[in-house]
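S.K.:
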Amino acid sequence: MSEPFELPDDDALAVAERVFDALVAEASLGAPVDGAAPGGSVTPRRLYLYVTGARAEDPGLEAALRESPALRASLRRLTAKIAGYRIPELAAAAAGTVARRAAPGCRIRFEKSRAEPAQTYIVISLDEPGRHPRWLAVFVDDDTCRRIALPEPHAGTIQILVEDESDVLAALRDPGSEIFIDG
Amino acid sequence: MPLEIRRAASLVLEAGQSGELRAALRAVADSTTPDGAAHYPAKVCRRLNRLIVCRSYAVPVLQLCHLVNVADSCAPRRGSYEHLLLGPERATGPGFRGWIENAVTASGWRRPGCELTAEGVAARYDDGVFNIGFAGMPILAALFEFLCGAVGYAAVDNEFQAMLKPPVTGRGVRDAANGIERRLYAYLREHLPSVQTQGKFRELLDHARSGATLVVEDATVLAFWREKSVDGEAGNFRLFRSVFDAYMAFLSALDIATDREAVERARPVGSDREAGEVDVARLLDDAETAAAWTSPLSALREPPLDNVRFLNKVDLTALDRLMEHGPRARRLPWSLMRAEVFGDVQARLSQAARRRAAGDTLNDLVACAGAETYREWRQRLAALDARVNDALRAALHVALRADEDAERAPGDERSRTARDIAKRAFAGLSRKGFEDAVVGRPGSGVLYEAGAGALATISDQIHTFLRVSEQAAADGADLDDRFACDRGVFSEQFARIYGVAR
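Residue numbers (the working numbering), protein chains in the order written: chain A, 1 to 183; chain V, 184 to 685.
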């Protein structure tokens, strides 16, 4: 049973009030989360794992990215920070689609498959043949991201076969897109 | 000492804390490695929560800025601090040590100023040296993730980029820390208003004050609830469980604040004593260490013990409140029983009222029809204790079989009997972690011994509380009389709160 005890002095009561405040706030952290903004609960780590391909699928994150321009901007910024190569948007004069993209140390070209007419090779050439980039991410003007995992290079060249209608191919050939490759 | 009062029953006491803040902290806690394991150890997440709710983030933010400089200094490639802080491996001290040592071994330091030490990294600046330990790096990574959720990755990264412009100086690091702190302060002002502003503590205090003394007993708690649960002006004290939890927190807070030595230790160096500056996070940490009570359920719910189903979810939930408050529950035994028995009725009543249930349903609940009696609740607790002990014996069977020397030892008659009992208990359990295959598995000894330890603590706490409640009943009305009396009180109050005629 609790015994009566002496009323603490004002200093102790002031400290007790702050401690009580902290205890109650800690307790409240267990409350259900509602009313949070879309993407508000996405940590940068989740973005990192998404873009680097460490977590191949994340439908929840993709839904949040579709809804939140701020989250897409964060993903683009983070990707720009961690990438080894950057191929910038082409000058405004460029229109339609392009056949190749290039930046110092890295070039991308697109070749129709002879065996599969509805498919195209994305061919990435690196100046440093010993490197094995693991991922490529391409951002279009509303910060929408398309990403692909990269296979091992052969003699400094990486080839990926994709459908002609694929989103990633369209984004890569879009002169307004910005491309990042793992370094 | 029950300092971790985390249950949802306490929610009505929340101090206007926003869903956004909870979401930002929860997202860090829920972060997983690519193979689905928790990225941050539970204690790191608890530490982060405490730093934020106690607003004790100044030093960790400064440490984070230094760590970002360290990461940038051993950069094998661009954006290295993100690689260090966000990498896929589980966040542990050895993991951070490995990353930094590998980076330095592979490419050396990118610029001068940092060096590895036995325990971490020393970062040297124009005006001094700052040491960052590997062991503290996981909490800094968690803080970084929280900051990005709270104030935005771009805002945090802008501060870091300004800081990393050469030459990197001690002043620049402090400026970055100050900039981040200012943003976090503004964020918390909006999302974590102080309970103080709502006067909850003062209300509890005023009610318990009797001249120069404070009286917090079962009658105090019940009287407070009867008065405040229908007072729209008062803080939200509608639920009896919330009032009980509030008074338990109140007693904890008073115990901690009146430990003068602990309070002095928690004053930051150079603090303004007149202004009463105290590091509340440190005060709580010290109190937890000194009190040596943490709910044993926490250990069972966290890795690695959560891989074994020592108790099922229903039993864990049933034990939550008693284990959370631990030995302190003895101070308010009737209140605990009321919170368990009538708190359960009120939870169902609140739910029924929310979904606009039929009048008969509400009337039955207001009348506490079908409420478990105190005697039945105690019997249920005793039955639960029996299940806890079955699990304890089964866990001991695995722990003992893991010790090969002990297994081979002949032992006396009593130890053979004990082993047989443990073996039978093991055979009687068909739950995850109690399959035959776990017996003799490497590492099982330590795991099941820890589980057995937690189960023994649970059983002790149940026994103690059963004894205390028995004594409380012996000192006053017996269990059935007290239940009948309380049922009338709660029924009357429920009718007032929920506007239902009795």
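We put the CB at the ideal spot given by N, CA and C, even for glycine.
Mind checking if A/Pro38 is an interface residue toward chain V, Cβ cutoff 8 Å exclusive?
M.R.: Bear in mind that a pLDDT of 46 at A/Pro38, under 50, signals an unreliable position, so the model cannot answer this.
S.K.: Check the Cβ of A/Tyr48 against every Cβ in chain V and list those closer than 7 Å, keeping chain order.
M.R.: Simply Glu265, Leu269.
S.K.: Does the Cβ of V/Cys668 have 16 or more other Cβ atoms within 10 Å, making it buried, or fewer, making it exposed?
M.R.: With fewer than 16 Cβ atoms within 10 Å of its Cβ, V/Cys668 is classed as exposed.
S.K.: V/Gly278 by DSSP, collapsed to three states: which one?
M.R.: Reduced to three states, the DSSP call for V/Gly278 is helix.
S.K.: Can you name, in chain order, every residue of its own chain whose Cβ lies under 7 Å from the Cβ of A/Ala171, other than the five neighbours on each side?
M.R.: Answer for A/Ala171: Val138, Val140, Arg146, Ser177, listed in chain order.
S.K.: Quick check on V/Thr472: does DSSP put it in helix, strand or coil?
M.R.: Helix, per DSSP.
S.K.: With burial defined as no fewer than 16 other Cβ atoms inside 10 Å of the residue's Cβ, what is the status of V/Leu231: buried or exposed?
M.R.: Result: buried.
S.K.: Within 10 angstroms of the Cβ of V/Gly270, are there 16 or more other Cβ atoms? Answer buried if so, exposed if not.
M.R.: V/Gly270 should be labelled buried.
S.K.: Would you call V/Ser598 buried or exposed, if buried means 16 or more other Cβ atoms sit within 10 Å of its Cβ?
M.R.: It counts as exposed.
S.K.: Output the distance between the C-alpha atoms of V/Ala554 and V/Arg570, rounded to the nearest integer angstrom.
M.R.: When rounded, the distance between both Cα atoms is 23 Å.
S.K.: Give every residue of the same chain whose Cβ lies closer than 7 Å to the Cβ of A/Ala22, excluding the five residues on either side of it in the sequence, and list them in chain order.
M.R.: Hits under 7 Å: none found.
S.K.: Do you know how far the Cα of A/Gly156 is from the Cα of A/Leu126?
M.R.: About 5 Å.
S.K.: Strictly below 9 Å CB to CB, what residues from chain D border A/Val15?
M.R.: Annotation note: the requested chain D is absent from the structure, which comprises protein chains A and V.
S.K.: Just the chain V side, please: which residues come within less than 7 Å of A/Thr43 by C-beta, in chain order?
M.R.: Ala210, Val211, Ser214, Glu328, Cys331, Gly332, listed in chain order.
S.K.: Kindly confirm or deny that the region 241-255 of chain V and the region 339-353 of chain V touch, where touching means at least three C-beta pairs closer than 8 Å.
M.R.: Yes, they touch.
S.K.: Hey, is V/His390's beta-carbon within less than 8 Å of any beta-carbon in chain A?
M.R.: By this cut-off, V/His390 is not an interface position.
S.K.: Would you be able to state if there are at least three C-beta pairs under 8 Å between the region 313-320 of chain V and the region 269-285 of chain V?
M.R.: Yes, since at least three Cβ pairs between the region 269-285 of chain V and the region 313-320 of chain V fall closer than 8 Å, the two stretches touch.
S.K.: Check each residue of the region 228-246 of chain V: if its Cβ is closer than 7 Å to any Cβ of chain A, include it; give the result in chain order.
M.R.: Under the 7 Å Cβ criterion, the region 228-246 of chain V contributes Asn232, Arg233, Val236, Cys237.
S.K.: Measuring CA to CA, which of V/Leu466, V/Leu583, V/Ala610, V/Val524 is closest to V/Arg602?
M.R.: Of V/Leu466, V/Leu583, V/Ala610, V/Val524, the residue nearest in Cα terms is V/Leu583.
S.K.: Can you tell me whether DSSP reads V/Arg316 as helix, strand or coil?
M.R.: Looking at the sequence provided, one finds Gly at residue 316 of chain V rather than Arg. If DSSP states are grouped into helix, strand and coil, V/Gly316 belongs with the strands.
S.K.: Considering only C-alpha positions, which residue in the set A/Leu61, A/Glu6, A/Glu26 is nearest to V/Ser214?
M.R.: Answer by Cα proximity: A/Leu61.
S.K.: Quick one: is A/Val51 near chain V, going by C-beta distance under 8 Å?
M.R.: Taking Cβ atoms only, chain V never reaches closer than 8 Å to A/Val51, which makes this a no.
S.K.: Who are the Cβ neighbours of V/Phe423 in its own chain at under 7 Å, not counting the five residues just before and after it?
M.R.: Hits under 7 Å: Trp408, Arg521, Ala522, Phe525, Gly526, Gln529.
S.K.: Establish whether the CB of V/Phe384 and some CB of chain A are separated by less than 8 Å.
M.R.: Answer yes: the Cβ-Cβ gap between V/Phe384 and chain A drops below 8 Å somewhere.
S.K.: From the DSSP output, which residues share a beta bridge with V/Cys297?
M.R.: Beta-bridge pairing links V/Cys297 to V/Ala306.
S.K.: In the DSSP output, which residue or residues are listed as bridge partners for A/Gln119?
M.R.: Answer is A/Glu163.
S.K.: Which complete alpha helix (DSSP H) runs does the region 530-590 of chain V hold, if anything under 4 residues is left out?
M.R.: Within the region 530-590 of chain V, the complete alpha helix (DSSP H) runs of at least 4 residues are 542-549, 557-585.
S.K.: Output the distance between the C-alpha atoms of V/His495 and A/His132, rounded to the nearest integer angstrom.
M.R.: The residue you asked about is not His; residue 495 of chain V is Asn in the sequence shown. Whole-angstrom Cα-Cα distance: 48 Å.
S.K.: What number of angstroms, rounded off, separates the C-alpha of A/Gly96 from the C-alpha of V/Tyr264?
M.R.: Each residue's alpha carbon lies about 38 Å from the other.
S.K.: Near V/Arg190, which residues of its chain fall below 8 Å by C-beta distance, leaving aside the five closest residues on each side in sequence?
M.R.: Summary for V/Arg190: the model assigns pLDDT 39, below 50, so the residue's position carries little reliability; its value from the coordinates is reported in the next sentence. If we look at V/Arg190 and ignore the five residues flanking it on each side, its Cβ neighbours are Asp428, Asp503, Arg504, Glu507.
S.K.: I need the straight-line Cα distance from A/Glu26 to A/Pro129, nearest angstrom please.
M.R.: Going by the C-alpha atoms only, they are around 53 Å apart.
S.K.: Taking DSSP as the reference, what is the three-state secondary structure of A/Gly39?
M.R.: Any answer about A/Gly39 is weak, because its pLDDT of 49 lies below 50 and its placement is not dependable; what the coordinates show is given next. Reduced to three states, the DSSP call for A/Gly39 is coil.
S.K.: Might you give, ordered along the chain, the residues of its own chain that have their beta carbon closer than 6 Å to the beta carbon of V/Arg670, omitting 5 neighbours on each side?
M.R.: Around V/Arg670: Cys551.
S.K.: For V/Ile604, is the classification buried or exposed, using 16 other Cβ atoms within 10 angstroms of its Cβ as the cut-off for buried?
M.R.: By the neighbour-count rule (16 or more Cβ atoms within 10 Å), V/Ile604 is not buried but exposed.
S.K.: Within its chain, find whatever has a CB closer than 8 Å to the CB of A/Pro38; leave out the 5 residues flanking it on each side and keep chain order.
M.R.: Legend: pLDDT at A/Pro38 = 46, less than 50; position of this residue unreliable, no value from coordinates given.
S.K.: Scan the region 395-418 of chain V for residues whose Cβ lies nearer than 9 Å to a Cβ of chain A and list them as they occur along the chain.
M.R.: The residues in question are Ala395, Thr396, Leu397, Val398, Val399, Glu400, Asp401, Thr403.
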